[in-house]
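*Asks:*
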Amino acid sequence: MSWSGWGDPARARELPEPVRALLRDLLGVRAPGTPAASLEQVALPAVALARPLLGALAEVVGDGHVLTGHEARVRHTRGKSTPDLLRMRAGDGSAAPDAVVLPGSHEEVAELLRLCSRERVAVVPFGGGTSVVGGLAADRAGFAGVIALDLGRLDRLLFVDEESMVAGFEPGVRAPDAERLLAGHGLTLGHFPQSFEYATLGGFAAARSSGQASAGYGRFDDMVVGLTLATPSGTLELGRAPKSAAGPDLRQLVLGSEGAFGVITSLRLRVRRAPAERRYEGWRFASFAAGSAAVRALAQEGPLPTVLRLSDETETMIGLAKPDGIGTGGADGSGCLLIAGYEGARVAGRHAAASAVLARSGGEPLGPEPGQAWEHGRFSAPYLRDSLLAAGATVETLETAGFWANLPRLYDAVRLALLGALGSPLVMCHISHVYETGASLYFTVVTPQDADPVAQWQRAKAAVNASIVEAGGTITHHHGVGRDHLDAYASELGPVGAGILRAVKAELDPAGILNPGVLVPPAVS
Ligand SMILES: Cc1cc2nc3c(=O)[nH]c(=O)nc-3n(C[C@H](O)[C@H](O)[C@H](O)COP(=O)(O)OP(=O)(O)OC[C@H]3O[C@@H](n4cnc5c(N)ncnc54)[C@H](O)[C@@H]3O)c2cc1C
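Just so we're aligned, residue 2 is where the sequence shown starts under the working numbering, counting upward by one.
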């Protein structure tokens, strides 16, 4: 993984000419961004942890599993939001951990948490490092130091129970490895977020992730049937049955807990048979409103395709759903493009029934090409962000969700907030996670960088957060809270809800060492 950008540096992409033209002619991007620092140039704070403490950490995990070298610390600094990347490109390593610690078992994690609680060392659980909400930068104040708890050594498939269709994993398994391990049994998880190639199963659970095929396979939190959480107060073992009436479901308290309540050390996940057949295609709708009504009809009446993505007019015009052809428009560049994908059993029947609903709702079939183009480029769009940053444009994504009746208001509110804060940015949106009662809205924004692009984006983000709260949406559908959404999350929860989170935190993590500053709204005095 690139330390200051996305993915495999060998796959970095030059901006195609149509995109350069868009930046120049539509957005007025004139000057390139500041060139990126080299890894060696990143300025890190001195290691704050005393030698004896580093020795004590090494006693728990073994020599060689406590890293304080420059590169290891840089690679565990922040996540992959655009402000994170801008700061890394500028050589700002101020949020670096003092050490990277790699435990090899649940027992080692539990022992580390006891040690760090005693010695007041902040602990940031680190999966794939793809957080886009500031979930990996801890508050240092009041701590002897900060460690990144890298879960990469906990990377085993623990069991496969084909009768119950449940598989057990350690948390540091990356999504492609999980799919590869399951493929040996003819199974799949079906969880394919755009960060698929790097994110881990533990990170998906901790941040309540949702993948591109959520219409068919569900969100990641739908897949978790059991888990083990190591906390400074002891171990929490959850999930002895698929459903239970034995009180509130505490699994839900761990899902989305973003490393603030404990460290997920194993997961039991619902799996499905690997699809025998896949079919993707495109449809055109006259407007986002017409397409939304069609998507709602599918969600409410069925059958739902496995993949369902509806771009608004701007996203369709730019061609964002087909990242390899961005800026080229084409035959399906007008109206609103819908991608429908069908995987698994009875594909022909489901396709026919869903197509009837789409046609009845005013959709025009575009055939397999747009669907295949989407599938081909489904993980490549993030590579473009690095090239755009270098070219002098800021590009960032943000998301929310709401009930169907409120979705148009939410859509307008976010767009207006972005336009108000940034002048005339390019704002694109799609719906790709749908429910009977509502859907998420996922926005992509492109704007010319000003002299301080981090501050520029922070102003825009603050305006959007306020607009989402005001318009009655949730501050996040699948990216999580981290630091970037904390204020809005506090408003969403209200004082009683925020108090519950603080009480849980105090019970599980009395010394407050776990990911301080993330998820839990501070008490207002
Ligand atoms: C280019 C790009 C595309 C993305 N696309 C999507 C998408 O389509 N859908 C989506 O849902 N998200 C997406 N994301 C966001 C991100 O991938 C998810 O939040 C993912 O769930 C994070 O997984 P990770 O392993 O990288 O976790 P990390 O980023 O390492 O950690 C995320 C949070 O969880 C905590 N954590 C990690 N592991 C554990 C553990 N074992 N126990 C306790 N806490 C833990 C961390 O402390 C942190 O707070 C995208 C991000 C990027 C950069």
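Beta carbons: idealized from backbone N, C-alpha and C, even for Gly.
#1: Tell me, to the nearest whole angstrom, how far the beta carbon of PRO98 is from that of ALA38; I am working on the premise that it is less than 8 Å.
#2: What's the gap between the Cα of LEU487 and the Cα of LEU321?
#3: Within a Cβ cutoff of 8 Å, which residues of the same chain sit near ALA275, ignoring the five residues on either side of it in sequence?
#4: Can you list, in chain order, the residues of its chain with a C-beta nearer than 6 Å to that of LEU45? Leave out the 5 residues immediately preceding and following it.
#5: Considering only the alpha carbon of each residue, which of LYS323, PHE262, ARG52, ALA414 lies closest to SER118?
#6: Would you mind listing the alpha helix (DSSP H) stretches within the stretch 406–440 that are 4+ residues and don't spill past its ends, in chain order?
#7: Quick check: the Cα distance between ARG503 and THR401, rounded to an integer number of angstroms?
#8: Hey, out of VAL296, ALA422, GLY80, PRO17, whose CA is closest to ILE340's CA?
#9: Please report the straight-line C-alpha distance between ALA353 and GLN213, rounded to a whole angstrom.
#10: Taking only the alpha-carbon atoms, compute the straight-line gap between GLY8 and GLY80 and give it to the nearest angstrom.
#11: Excluding the 5 residues preceding and the 5 following ARG216 in the sequence, name in chain order all residues of the same chain whose CB lies nearer than 7 Å to its CB.
#12: Which residue wins for smallest C-alpha separation from VAL101, given the options THR83, TYR218, ALA123?
#13: If you reduce the DSSP assignment to three classes, tell me which class PHE144 lands in.
#14: For GLN253, does the count of other Cβ atoms within 10 angstroms reach 16, so buried, or fall short, so exposed?
#15: How long is the line joining the alpha carbons of LEU50 and GLU508, rounded to whole angstroms?
#16: Taking C-alpha atoms, which residue in ILE265, VAL110, GLY204, ASP325 lies nearest to VAL20?
#17: Confirm the yes/no value for this check: CB of GLU259, any heavy atom of ligand 1, distance under 7 Å.
#18: Ignore the nearest five residues each way along the sequence and tell me which others in ALA332's own chain have a CB closer than 8 Å to its CB.
#19: With distances taken from CA atoms, which of GLU163, LEU515, ALA452, THR229 is nearest ALA394?
#20: With three or more C-beta pairs closer than 8 Å as the rule, is the stretch 311–318 touching the stretch 451–469?
#21: In its own chain, which residues sit with a C-beta less than 7 Å from the C-beta of ALA491, not counting the 5 before and 5 after it?
#22: Going by DSSP, name the residue or residues bridged to TYR199.
#23: Under a Cβ-count criterion, where at least 16 other Cβ atoms within 10 Å of its own Cβ denotes burial, should GLY303 be classed as buried or exposed?
#24: Please go through the stretch 232–288 and give each complete beta strand (DSSP E) segment of 3 or more residues, from N-terminal end onward.
#25: What span of residues does the beta strand (DSSP E) with ALA354 cover, start to end?
#26: Can you look up ALA491 in the DSSP assignment and give me helix, strand or coil?
#27: Leaving out five residues before and five after SER388 in sequence, what residues of the same chain have Cβ atoms less than 6 Å from its Cβ?
#28: Going by DSSP, what residue range makes up the alpha helix (DSSP H) through ASP222?
#29: Suppose contacts are defined by Cβ-Cβ distances below 8 Å. Is GLY129 in contact with ALA200 by that definition?
#30: On the DSSP bridge assignment, give the partners of CYS337 in chain order.
#31: In whole angstroms, what is the alpha-carbon distance linking LYS506 and ARG347?
#32: Using the Cα positions of GLY240 and GLY248, report the straight-line distance between them to the nearest angstrom.
#33: Can at least three beta-carbon pairs, one atom from the stretch 470–484 and one from the stretch 133–146, be found at a separation below 8 Å?
#34: Leaving out five residues before and five after TRP284 in sequence, what residues of the same chain have Cβ atoms less than 7 Å from its Cβ?
#35: For ligand 1, is there a heavy atom less than 7 Å away from the beta-carbon of ALA207?
#36: How should GLU437 be labelled, buried or exposed, when 16 other C-beta atoms within 10 angstroms of its C-beta is the threshold for buried?
*Replies:* From the atom records:
#1: Actually they are not in contact, since the Cβ atoms of PRO98 and ALA38 sit about 19 Å apart, beyond 8 Å.
#2: 29 Å
#3: LEU183, ALA184, GLY187, LEU188, THR189
#4: ARG74, GLY94, ALA97
#5: PHE262
#6: Within the stretch 406–440, the complete alpha helix (DSSP H) segments at least 4 residues long are 408–423, listed from N- to C-terminus.
#7: Going by the C-alpha atoms only, they are around 24 Å apart.
#8: Of all alpha-carbon atoms in VAL296, ALA422, GLY80, PRO17, the one lying nearest the alpha-carbon of ILE340 is that of VAL296.
#9: 21 Å
#10: So the two alpha carbons sit approximately 12 Å from each other.
#11: For the sequence presented, residue 216 should be read as Ala rather than Arg. By the criterion of a C-beta distance shorter than 7 Å, ALA216 is surrounded in its chain by LEU305, PRO306, THR307, VAL308, LEU309, VAL435, once the five residues flanking it on both sides are discounted.
#12: ALA123
#13: PHE144 falls in the coil class under three-state DSSP.
#14: exposed
#15: Here the alpha carbon of LEU50 sits roughly 26 Å from the alpha carbon of GLU508.
#16: Scanning ILE265, VAL110, GLY204, ASP325 for the CA closest to the CA of VAL20 turns up ASP325.
#17: Yes.
#18: Only weak support exists for where ALA332 lies, its pLDDT of 49 falling under 50; the coordinates are left without a value.
#19: ALA452
#20: no
#21: Excluding positions up to five away in sequence, the list reads ALA499, PRO522.
#22: Looking at the DSSP assignment, TYR199 forms no beta bridge with any residue, so it has no partner.
#23: By the Cβ neighbour-count rule, GLY303 is exposed, with fewer than 16 other Cβ atoms within 10 Å of its own.
#24: Counting whole runs of 3 or more residues, the stretch 232–288 contains the beta strand (DSSP E) stretches 235–239, 264–271, 279–286.
#25: Segment 348–361 is the alpha helix (DSSP H) holding ALA354; no beta strand (DSSP E) there.
#26: helix
#27: ARG14, LEU16
#28: Counting along the chain, the alpha helix (DSSP H) containing ASP222 begins and ends at 221–224.
#29: yes
#30: PHE286
#31: If you take the alpha carbons of LYS506 and ARG347, they lie about 46 Å apart.
#32: 12 Å
#33: yes
#34: LEU339, ALA341, LEU359, GLY364, GLU365, PRO366, LEU367
#35: yes
#36: exposed
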